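Asks: In this note's numbering, the protein residues as written are -4 to 69.
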C-alpha cells in the first residue's frame, strides 16, 4: 500500500498493484484497473516512485545485486 493525498488534504492508502495509469491533467490522476480515478497532490513522478518502492518491498522487482547477472553465474 502507498499513502497519497487528495486535493482536499486528506491522506489515504491505495494498493499500488491496482494502478493502471498515472497522468497529469495538470493535477495528477491515478487510474486503477477497475476504472476508479483519484486526483492527488503528489506529482506523477512521486506516485511512480512510491509504487516502485512498494513493488520492491513486496518482491515484484527482484533486481540483481551490484555485481549484475555475470556475478551470479560465477
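Beta carbons are placed, not taken as given, at the ideal position from N, Cα and C, and that holds for glycine.
Here the structure is a predicted model, which is why all the values come from computation and not from measurement.
Rounded to whole angstroms, what is the Cα-Cα separation between residue 13 and residue 0?
Replies: 17 Å
Asks: If we count Cβ pairs, one from each stretch, closer than 8 Å, do we get three or more for the stretch 18 to 25 versus the stretch 33 to 42?
Replies: yes
Asks: CA-CA distance, residue 4 and residue 16?
Replies: Those two C-alpha atoms are separated by around 22 Å.
Asks: Between which residues of its own chain and residue 39 is the CB-CB distance below 8 Å, once the five residues before and five after are set aside?
Replies: 17, 18, 19, 23
Asks: Going along the chain, which residues of its own chain have a beta-carbon closer than 7 Å to the beta-carbon of residue 7, five neighbours each way excluded?
Replies: -1, 1
Asks: Can you tell me whether residue -3 is buried or exposed? The criterion is at least 16 other CB atoms within 10 Å of its CB, across all chains shown.
Replies: buried
Asks: Under a three-way DSSP split, which group does residue 33 fall into?
Replies: Assignment of residue 33 by DSSP, reduced to helix, strand and coil, places it in the strand class.
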